[in-house]
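Step one of this worksheet: look at the structure below.
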Amino acid sequence: MSQAEKMKQGQFTNPETPGYVGFANLPNQVHRKSVKKGFEFTLMVVGESGLGKSTLINSLFLTDLYPERIIPGAAEKIERTVQIEASTVEIEERGVKLRLTVVDTPGYGDAINSQDCFSTIIAYIDDQFERYLHDESGLNRRHIVDNRVHCCFYFISPLGHGLKPLDVQFMKAIHNKVNVVPVIAKADTLTLRERERLKRRILDEIDEHSIKIYHLPDAESDEDEEFKEQTRTLKASIPFAVVGSNQQIEAKGKKVRGRLYPWGVVEVENPEHNDFLKLRTMLMQGQGQGPEPEEMDKDMILQEKEAELRRMQEMITKMQAQMQIKPDGAGDVQHV
Ligand code: GDP
Numbered sequence: 001m002s003q004a005e006k007m008k009q010g011q012f013t014n015p016e017t018p019g020y021v022g023f024a025n026l027p028n029q030v031h032r033k034s035v036k037k038g039f040e041f042t043l044m045v046v047g048e049s050g051l052g053k054s055t056l057i058n059s060l061f062l063t064d065l066y067p068e069r070i071i072p073g074a075a076e077k078i079e080r081t082v083q084i085e086a087s088t089v090e091i092e093e094r095g096v097k098l099r100l101t102v103v104d105t106p107g108y109g110d111a112i113n114s115q116d117c118f119s120t121i122i123a124y125i126d127d128q129f130e131r132y133l134h135d136e137s138g139l140n141r142r143h144i145v146d147n148r149v150h151c152c153f154y155f156i157s158p159l160g161h162g163l164k165p166l167d168v169q170f171m172k173a174i175h176n177k178v179n180v181v182p183v184i185a186k187a188d189t190l191t192l193r194e195r196e197r198l199k200r201r202i203l204d205e206i207d208e209h210s211i212k213i214y215h216l217p218d219a220e221s222d223e224d225e226e227f228k229e230q231t232r233t234l235k236a237s238i239p240f241a242v243v244g245s246n247q248q249i250e251a252k253g254k255k256v257r258g259r260l261y262p263w264g265v266v267e268v269e270n271p272e273h274n275d276f277l278k279l280r281t282m283l284m285q286g287q288g289q290g291p292e293p294e295e296m297d298k299d300m301i302l303q304e305k306e307a308e309l310r311r312m313q314e315m316i317t318k319m320q321a322q323m324q325i326k327p328d329g330a331g332d333v334q335h336v
């Protein structure tokens with residue numbers, strides 16, 4: 001089924017058209033029951049403290065993942081090493097179940113030695129991958145939980161004039177392991193011109209430092225024009241400049257998620273105000289794709305392991321068959 005057909009059937013609905021029902025619009029269906037079928041998605045969020053990571057996740061999935069988080073003071077921050085916090089929620093939308101794990105990295109960029117925090121994050125990504133590979137090639141493959149990090153939102157400060165050395169180093173350190181999606185945080189603190197300038201600058205620097213970021217696949221030629229246009233718009237908006245909010249505000253007679261200023265309301269879900277909806281659409285379109293980079297090698301390893309298992313199973317079947325036809329009646333293996 002093409003993406004466009006899926007969209008029409010409601011699996012992926014265009015959030016920029018009226019009547020859109022996205023995961024985030026169905027808070028009542030957020031539940032914690034185990035998911036029998038459906039898909040799993042692990043999103044990592046990385047960036048300095050205070051850039052709005054938890055607010056954005058809350059806005060995307062209407063789920064407060066960290067109701068009891070304690071914000072450390074400045075002195076504590078310097079001492080702190082990065083931590084890994086994985087929270088899982090199960091969300092259902094129109095019969096499609098999503099098991100979402102958000103991996104946050106509080107303390108990132110706070111410590112004096114940033115290399116230390118890199119190694120903790122990288123070890124986590126590698127660990128999840130190893131675990132998946134191990135489960136995939138094991139004999140009991142029915143209940144595998146795929147906790148590989150599928151995507152990493154990397155938050156860039158709106159206050160700098162582009163990427164900081166830390167941003168460059170970190171993205172380069174993980175770009176072969178996970179799909180990196182750079183986002184400009186707190187876009188409401190920038191004018192439209194400043195946003196455009198910052199976006200261009202960041203793209204130039206990404207290019208200059210040969211950082212590999214996630215590229216949405218081109219729409220296939222048989223997709224309809226609307227879908228193609230949406231894909232083009234999404235691609236042209238990278239890095240997404242986003243606004244998040246935990247508050248509902250009254251705007252034009254409607255309650256909307258937004259940020260209130262003396263001069264008006266910045267609406268989170270208004271594509272003219274920021275790229276939040278584009279980011280969410282991209283997330284939905286990209287669903288189901290595993291980590292892209294280095295996938296080939298790992299796929300090959302998996303295939304080899306599968307072939308080995310098949311050979312072993314064939315051998316066992318042959319051995320069983322031989323035992324069954326033995327005249328001395330070693331029949332007790334018949335029901336294996
Ligand atoms: P985190 O440490 O990266 O998880 O950041 P938080 O989500 O805790 O947000 C830190 C502060 O920034 C809070 O006071 C938020 O209300 C505020 N904030 C979050 N998102 C935005 C945004 O898009 N724009 C602005 N102006 N402030 C934001």
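Residue numbers for the sequence shown follow UniProt numbering, so the first one is 1 and each next one is one higher. Every residue, glycine too, gets a C-beta built ideally from N, C-alpha and C. As the structure is a prediction and not an experimental result, all values here were calculated from the model.
- Of the candidates Gln320, Leu198, Val45 and Leu260, Val45 places its Cα closest to the Cα of Val178.
- At the C-beta level, Pro158 and Lys186 come within 8 Å of one another.
- Pairing Val243 with Val266 gives a Cβ-Cβ distance under 8 Å.
- Lys254 is bridged by DSSP to Ala251.
- The beta carbons of Ile84 and Thr120 sit closer together than 8 Å.
- Judged by DSSP secondary structure, Glu208 falls within the alpha helix (DSSP H) whose first and last residues are Leu192 to Glu208.
- Between Arg201 and Gly162, the CB-CB gap stays under 8 Å.
- Straight through space, the alpha carbons of Ala251 and Tyr124 are spaced by roughly 42 Å.
- In the structure shown, Ile122 adopts helical secondary structure according to DSSP, grouped into three states.
- For the pair Phe170 and Phe227, the CB atoms are not nearer than the 8 Å cut-off.
- Taking Phe155 as reference, the option from Gln128, Asp135, Asn147 and Pro106 with the minimal CA-CA separation is Pro106.
- When distances are taken from the beta-carbon of Arg310 to the heavy atoms of the ligand GDP, even the shortest one reaches 7 Å or more.
- Shown here for Leu279: same chain residues with a beta carbon closer than 7 Å to its own, the five before and five after excluded, namely Val183, Phe240 and Val242 in chain order.
- Residue pairing for Ala241: DSSP places it in a beta bridge opposite Ile184.
- About 6 Å separates the CB atoms of Phe41 and His150; that is less than 8 Å, so the two are in contact.
- It is roughly 33 Å from the alpha-carbon of Lys164 to the alpha-carbon of Val89.
- It is roughly 9 Å from the alpha-carbon of Ile211 to the alpha-carbon of Asn176.
- Between Arg257 and Ile91, the alpha-carbon positions lie close to 20 Å from each other.
- Nearest to Asp204 by alpha-carbon distance, out of Ala321, Asp222 and Val168, is Val168.
- In the DSSP annotation of this structure, the continuous segment of the alpha helix (DSSP H) that includes Thr233 starts and ends at Glu225 to Ala236.
- Selection Ala307, Asp110, Arg195 and Phe153 evaluated against Asn274 yields Arg195 as nearest (Cα-Cα).
- Residue pairing by DSSP puts Phe153 in a beta bridge opposite Val45 and Val181.
- Straight-line measurement puts the Cα of Gln128 at about 19 Å from the Cα of Asp116.
- Around the beta carbon of Leu283, a 10 Å sphere encloses 16 or more other beta carbons of the protein chains shown; the residue is thus reported as buried.
- A straight-line Cα-Cα distance of about 9 Å links Leu43 and Ala86.
- Collapsing the DSSP output to three states places Glu220 in coil.
- Taking Leu260 as the centre and dropping the five residues before and after it, the same chain places the C-beta of Ile249 closer than 7 Å to its C-beta, in chain order.
- In this structure, Arg195 has its beta carbon at no less than 7 Å from each heavy atom of the ligand GDP.
- Put simply, the backbone Cα of Tyr108 is about 17 Å away from that of Val181.
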